[in-house]
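Start counting the sequence shown at -2; every next residue gets the next number (the numbering used here). Structure first, then comments.
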Amino acid sequence: MPFASLELAILGGTPAFLEPLHVGRPNLGNREHFLRRMEDMLDRRCFSNNGPFVREFEARIAEFIGVKHCVAMCNATIGLAIAIRAMDLQGEVLLPAYTFVSTAHVLQWQRIKPVFVDLDPVTHNICPKALERAISPRSAAVIGVHVWGRPCDTVNIARIAKSYDIPVLYDAAHAFGCSHQGRMIGTFGSCEVFSFHATKFLNSFEGGAVVTNDERLAERLRYMRNFGFTGYDCVLELGINGKMTEACAAMGVTSLEAINDLIAANRRNYQRYVHHLEQMPGVRLVAYDETERNNFQYIVAELDPEVFPLTRDELVDVLHYENVLARKYFWPGCHRMQPYATEQPDACTLLPQTERVAARVIVFPNGQSVGDEDIDKIAEIIRSATLAALQIKSRIRQLAEQGC
């Protein structure tokens, strides 16, 4: 049957979705199991301070990954900040500009200069060649980011860092449940930091964790997340409050129990998107290595402006009118946000691949709450938009002139 285009909302039609369809609506484990844990927590009246659910969550994560130590945190940003402090980093730290801005902010907050490094245009991760060019005598460490849960080039990053005698740590916010060369992400570098925010594939409402095989580092992390206390009245470290609550840990344990179901749902959705999008001219769907473990959380495409009839931003506008809240991760890049845009005004000229990718990437809804019919409808919207590209461009110009 030939494809019949929709009457798009941006051109006066009715939105395809009555309610907003988000990129990362929270996944849920077994509701009854979670509520039972909440009853246990209330009966015990233990809500924080390294309670039994936090300890269970840490133990299960460490076992799942195959790492010696897991230190649960109130969120991944605080986890990364404490890890940076526990490693006594100073001076400058190299990291990609193509990441969520918190990766840079945790450095800037501690008066450490983020030095942005260009990405590999195929993987969207930090480029080892660009990394080596950017290292200077002031470089104190490297933070790699496993973007979309796809692993960094850990071998070359480790080789480069070792030759300059600087440590490596990883922002693994996207990568829980993923593997690289047969090893689980979480076992690379001095430590790795996971996010269990509500929008992540495995969530603890709000939370994170630092995982490491370094016993001394793990000990410092535990002290520093609890104000530096080593006992009731003894403070050994300069610390802060980075503790995970029992309610968050209970949600984390419940999510972890359902991990195989959550991955299966994401994978089905990914394959459905592949079915629709891989044949569309000008659309390159970011692929996952099926020989490795993946969480399939992020459905990411690059739009080729020389082939696809709309710009990425125009397609985002079309989808938003349909209540499909596609995102422009990680646009415009940390280097174009404040305070970095002011402090490093030439960064954009040094990051050509970051600039190119940031202008092309679009992220589509995924997760437990997204089904086949939703994905089919999103594909219909995109096909219809390609057929009505000239009308859409005219309509967007008209709306801009009207200040809409």
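Backbone N, C-alpha and C fix where the C-beta goes; we use that ideal spot for every residue, glycine too.
* Asked: Around the C-beta of Asp258, are 16 or more other C-beta atoms found within 10 angstroms, so that it is buried, or is it exposed?
  -> On the sequence shown, residue 258 is found 261 positions in, with the first residue counted as 1. Of the other Cβ atoms in all chains shown, fewer than 16 fall within 10 Å of the Cβ of Asp258; this residue is therefore exposed.
* Asked: In chain order, what residues of the same chain lie with their CB nearer than 8 Å to the CB of Tyr220, ignoring the 5 residues before and after it?
  -> The residue given as residue 220 occupies position 223 in the sequence shown. For Tyr220, where only same-chain residues beyond five positions count, the Cβ hits under 8 Å are Phe226, Thr227, Leu233, Glu234, Gly236.
* Might you give, ordered along the chain, the residues of its own chain that have their beta carbon closer than 6 Å to the beta carbon of Ala386, omitting 5 neighbours on each side? => Locating residue 386 in the sequence shown gives position 389, where the first residue counts as 1. So the qualifying residues of the chain are Pro306, Leu307.
* Drop a sphere of 10 angstroms on the beta-carbon of Ser99, count the other beta-carbons inside from all chains shown, and report buried for 16 or more, exposed for fewer. => To locate residue 99, count along the sequence shown from 1; it is residue 102. Label assigned to Ser99: buried.
* **Reduced DSSP category for Pro12 - H, G, I as helix; E, B as strand; rest coil** => Residue numbering aside, residue 12 sits at position 15 when the sequence shown is read from its first letter. Correct three-state label for Pro12: coil.
* To do: Compare the Cα-Cα distances from Leu410 to each of Met277, His102, Cys245, Leu274 and report the closest residue.
  => The chain is shown from -2 up to 401; residue 410 falls before or after that span and cannot be answered.
* To do: Tell me whether Lys65 sits in a helix, a strand or coil according to DSSP, three-state version.
  => If you number the sequence shown from 1, residue 65 lands on position 68. Here Lys65 sits in coil by DSSP.
* Asked: Between which two residues does the beta strand (DSSP E) containing Val112 stretch?
  -> Translated into the one-based positions of the sequence shown, residue 112 becomes position 115. Run containing Val112: 110 to 114, per the beta strand (DSSP E) assignment.
* Quick one: give me the first and last residue of the beta strand (DSSP E) that Ser391 is part of. => Counted from its first residue, the sequence shown places residue 391 at position 394. Counting along the chain, Ser391 sits inside no beta strand (DSSP E); it lies in the alpha helix (DSSP H) bounded by residues 386 to 398.
* Where does Ala65 land, buried or exposed, given buried means 16+ other C-beta within 10 angstroms? -> As a working mapping, residue 65 is identified with position 68 in the sequence shown. The amino acid occupying residue 65 in the given sequence is Lys; Ala does not appear at that position. Per the 10 Å Cβ criterion, exposed.
* To do: Would you tell me roughly how many angstroms separate the C-alpha atoms of Val360 and Asp40, rounded to the nearest one?
  => Here residue 360 corresponds to residue number 363 of the sequence shown, with the count starting at 1. Here residue 40 corresponds to residue number 43 of the sequence shown, with the count starting at 1. Each residue's alpha carbon lies about 42 Å from the other.
* May I ask you to report which of helix, strand or coil DSSP gives Gly48? => Counting from 1 along the sequence shown, the entry for residue 48 is found at position 51. Residue state for Gly48 is assigned as coil, using DSSP reduced to three classes.
* Counting along the chain, where does the alpha helix (DSSP H) carrying Cys245 start and finish? -> One-based indexing of the sequence shown puts residue 245 at position 248. Segment 243 to 254, the alpha helix (DSSP H) holding Cys245.
* To do: Express the C-alpha separation of Pro23 and Asp310 in angstroms, rounding to a whole number.
  => Indexing the sequence shown from 1 puts residue 310 at position 313. Indexing the sequence shown from 1 puts residue 23 at position 26. Whole-angstrom Cα-Cα distance: 25 Å.
* Asked: With C-beta atoms as the reference, is His171 less than 9 Å away from Tyr270?
  -> Translated into the one-based positions of the sequence shown, residue 171 becomes position 174. Translated into the one-based positions of the sequence shown, residue 270 becomes position 273. Cβ distance not < 9 Å, so His171 and Tyr270 don't count as in contact.
* Where in the segment 166 to 247 do unbroken runs of the alpha helix (DSSP H), each at least 4 residues long, occur, reported from the N-terminal end onward? -> Listed in chain order, the alpha helix (DSSP H) runs fully inside the segment 166 to 247 are 212 to 221, counting runs of at least 4 residues.
* Under three-state DSSP, which class holds Leu39? -> Residue mapping note: residue 39 aligns to position 42 of the sequence shown, counting from 1. If DSSP states are grouped into helix, strand and coil, Leu39 belongs with the helices.
* When the distance is taken between beta carbons, is Glu189 closer than 9 Å to Ala195? -> The residue labelled residue 195 in the question sits at position 198 within the sequence shown. The residue labelled residue 189 in the question sits at position 192 within the sequence shown. Not in contact: Ala195 and Glu189 (Cβ atoms no closer than 9 Å).
* Which residue's Cα is closest to the Cα of Val112: Ser187, Cys331, Asp150, Asn46? -> Stepping through the sequence shown from its first residue, residue 112 is reached at position 115. Of the listed residues, the one whose Cα sits closest to Val112 is Cys331.
* Given Gln341 as reference, the closest of Val114, Met248, Gln276 once Cα atoms are compared -> Here residue 341 is taken as the residue at index 344 of the sequence shown, counted from 1. The candidate whose alpha carbon is nearest that of Gln341 is Val114.
* Contact set for Pro329: own chain, Cβ-Cβ below 7 Å, skip 5 residues either direction -> On the sequence shown, residue 329 is found 332 positions in, with the first residue counted as 1. Ala355, listed in sequence order.
* Spatial distance of Arg135 from His121 (CA atoms) -> Numbered from its first residue, the sequence shown carries residue 135 at position 138. Numbered from its first residue, the sequence shown carries residue 121 at position 124. For Arg135 and His121, the distance between alpha carbons rounds to 26 Å.
* What are the boundary residues of the alpha helix (DSSP H) that includes Ile157? -> Residue 157 sits at position 160 when you count from the first residue of the sequence shown. From DSSP, the alpha helix (DSSP H) with Ile157 extends over 151 to 160.
* To do: Please name the residue or residues paired with Asn363 in a DSSP beta bridge.
  => What you label residue 363 is simply residue 366 of the sequence shown in a count that begins at 1. In the DSSP assignment, the residues bridged to Asn363 are Gly21.
* Asked: So, helix, strand or coil for Gly88, using DSSP?
  -> Stepping through the sequence shown from its first residue, residue 88 is reached at position 91. Gly88 sits in coil when the DSSP states are folded into three classes, being neither helix nor strand.
* Asked: Quick one: any contact between the segment 88 to 102 and the segment 134 to 149, if contact means 3 or more CB pairs under 8 Å?
  -> Touching, yes, given that three or more Cβ pairs across the two stretches are closer than 8 Å.
* Please work out which residues of its chain come closer than 8 Å, Cβ to Cβ, to Met38, disregarding the five sequence neighbours upstream and downstream, and give them in chain order. => Walking along the sequence shown from the start, residue 38 turns up at place 41. So the list reads Phe44, Gly48, Phe50, Glu243, Ala244, Ala247, once near-sequence residues are dropped.
* To do: Would you check if the segment 372 to 388 and the segment 313 to 325 touch, i.e. whether three or more CB-CB distances between them fall below 8 Å?
  => Touching, yes, given that three or more Cβ pairs across the two stretches are closer than 8 Å.
* Looking at C-alpha atoms only, which residue of Gly174, Ile260, Thr184 is the closest neighbour of Thr151? -> Indexing the sequence shown from 1 puts residue 151 at position 154. With distances taken between Cα atoms, Thr151 lies closest to Thr184.
* **Residues near Phe224 by beta carbon distance below 6 Å, same chain, minus five either side** => Stepping through the sequence shown from its first residue, residue 224 is reached at position 227. For Phe224, where only same-chain residues beyond five positions count, the Cβ hits under 6 Å are Gly236.
* Asked: Leu86 and Ile109 look like a contact to me (Cβ under 8 Å); what is the Cβ gap, rounded to whole Å?
  -> To locate residue 86, count along the sequence shown from 1; it is residue 89. To locate residue 109, count along the sequence shown from 1; it is residue 112. So it is a contact: roughly 6 Å between Cβ atoms.
* To do: Report the rounded CA-to-CA distance for Ile372 versus Asn266, giving the unit in angstroms.
  => On the sequence shown, position 375 is the one that residue 372 refers to. On the sequence shown, position 269 is the one that residue 266 refers to. Looking at the backbone, the Cα of Ile372 and that of Asn266 are separated by about 7 Å.
* Spatial neighbours of Ile375 within its chain, please: CB distance less than 7 Å, with the 5 preceding and 5 following residues excluded, ordered by chain position. => Against the sequence shown, residue 375 aligns to sequence position 378. Same-chain partners within the cutoff: Val321, Phe361.
* **Contacts around Ser192, its chain only, beta-carbon distance under 6 Å, and the 5 residues preceding and following it disregarded** => Residue numbering aside, residue 192 sits at position 195 when the sequence shown is read from its first letter. Around Ser192: Ala73, Ala170, Gly205.
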